[in-house]
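A.B. asks: According to my numbering, the sequence shown is numbered sequentially starting from 1. Pasting a structure here, questions to come.
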Amino acid sequence: MTPTNQTVVITGASSGIGLALAKTFSTEGFNVVANSRQLTASGALEASPRLLLVDGDIGDPATGKKLIATATQNFGTVDVLINNAGVFVPKPFHEYSFEDFQRVFRTNVEGFFHVTQEAVRRMREQGGGQIIMITTALDQQPLAGVPTALTNLTKGGLNSVTRELAIEYAKEGIRVNAIAPGIIDTPMHQPENHEYLAGLHPIARMGTVDEIAQAALFLVRAKFVTGEVLHVDGGAHAGRW
Ligand SMILES: NC(=O)c1ccc[n+]([C@@H]2O[C@H](COP(=O)([O-])OP(=O)(O)OC[C@H]3O[C@@H](n4cnc5c(N)ncnc54)[C@H](OP(=O)(O)O)[C@@H]3O)[C@@H](O)[C@H]2O)c1
């Protein structure tokens, strides 16, 4: 592992995709500032001088400020922000409560807003950086029998704002991309549903967290790519099968 002197901030890093992102970027030599509400208590990651853990709800503006300040004070720059923290509440639209709505918006939208504003301010000062959102392929490909209106509303918004921010900040050296996963094998999904979920992709299996981490590494290194929503979904976005 050769240190890159680059620093990545990753939200939702105690489990699933975020945990894989934190481990992969650490192995690839990045300084990592990782976050989730219960990150320290979870024991998922071991802190080290180049892997810092910041507990906190990403829907709270103070958490975003703390993440960017921790990266800046310890490592000097915020080169990459990965907005990964998210919650998934699938149910028929008419059954959602307003509490469901507020819970999903707090993490998926407010959680994006606060830390990304702080990161963009820092990246403008340092002359560049990049932001990656972890969204969903369901935005472009809603599925009969998989009711996910609040996911589509929030993650679809993130896919859209990815393109908007890419245009808004391209001249300041800030690249903004998204990864739109299919169904990925994480604790978000119960093992008894795996067989059904595998069938939701033309490549008839669930994706792995490593496949998402490799896509994120690709985007970090792909310096002429911005405003891209990269589908890592076994081909689901391409059509019917
Ligand atoms: N798995 C899939 O099939 C799939 C597909 C498409 C998109 N995604 C997206 O990928 C992302 C990660 O999903 P996953 O499957 O890896 O989920 P997961 O295993 O449930 O992990 C979610 C992570 O987010 C953290 N988190 C939740 N709410 C938070 C908050 N308010 N503030 C800070 N951290 C918070 C959780 O830790 P704490 O509980 O400690 O806070 C945990 O580390 C999500 O945005 C999800 O929507 C997943």
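All C-beta atoms, glycine included, are put in the ideal place defined by N, C-alpha and C. It should be emphasised that the depicted structure is a prediction, and the values quoted were computed from it without experimental measurement.
Report the rounded CA-to-CA distance for Val229 versus Gln6, giving the unit in angstroms.
C.D. replies: When rounded, the distance between both Cα atoms is 23 Å.
A.B. asks: Does Thr208 come out as helix, strand or coil in the three-state DSSP assignment?
C.D. replies: Here Thr208 sits in coil by DSSP.
A.B. asks: Report yes if the CB atom of Val80 is closer than 8 Å to the CB atom of Thr72, and no otherwise.
C.D. replies: No; because the gap between Cβ atoms is not below 8 Å, this pair is not in contact.
A.B. asks: What's the call for Pro181, buried or exposed, on a 16-neighbour Cβ count within 10 Å?
C.D. replies: With 16 or more other Cβ atoms within 10 Å, it is buried.
A.B. asks: Here's the rule: buried if 16 or more other CB atoms are within 10 angstroms of the residue's CB, otherwise exposed. What is Asp233?
C.D. replies: Under this definition Asp233 is a buried residue.
A.B. asks: With hydrogens ignored, establish whether the beta-carbon of Pro202 is closer than 7 Å to any heavy atom of ligand 1.
C.D. replies: Every heavy atom of ligand 1 is 7 Å or more from the Cβ of Pro202, so no.
A.B. asks: In whole angstroms, what separates the C-alpha of Ile10 from that of Phe101?
C.D. replies: Roughly 24 Å separates the two Cα atoms.
A.B. asks: With three or more C-beta pairs closer than 8 Å as the rule, is the stretch 100-114 touching the stretch 153-172?
C.D. replies: Yes: at least three Cβ pairs fall under 8 Å.
A.B. asks: Spatial neighbours of Met133 within its chain, please: CB distance less than 6 Å, with the 5 preceding and 5 following residues excluded, ordered by chain position.
C.D. replies: If we look at Met133 and ignore the five residues flanking it on each side, its Cβ neighbours are Asn83, Leu158, Thr162 and Ala178.
A.B. asks: With a CB to CB cut of under 6 Å and the five nearest residues on each side skipped, what residues in its chain are close to Asp60?
C.D. replies: Excluding sequence neighbours, Asp60 sits near nothing in its chain.
A.B. asks: Can you tell me whether DSSP reads Val9 as helix, strand or coil?
C.D. replies: Val9: strand per DSSP, three-state reduction.
A.B. asks: Cα separation between Thr40 and Met206?
C.D. replies: Going from the Cα of Thr40 to the Cα of Met206 covers about 29 Å.
A.B. asks: Might you give, ordered along the chain, the residues of its own chain that have their beta carbon closer than 8 Å to the beta carbon of Thr24, omitting 5 neighbours on each side?
C.D. replies: Around Thr24: Asp210, Ala213, Gln214, Ala216 and Leu217.
A.B. asks: May I have the straight-line CA-CA distance separating Gly127 from Gly235, to the nearest angstrom?
C.D. replies: Taking the straight line joining both Cα atoms gives about 36 Å.
A.B. asks: When DSSP labels each residue in this structure, what does Ala178 get in the three-state scheme?
C.D. replies: If DSSP states are grouped into helix, strand and coil, Ala178 belongs with the strands.
A.B. asks: Could you tell me the distance, in whole angstroms, from the CA atom of Gly86 to the CA atom of Thr2?
C.D. replies: Using only the alpha carbons, I get a separation of about 31 Å.
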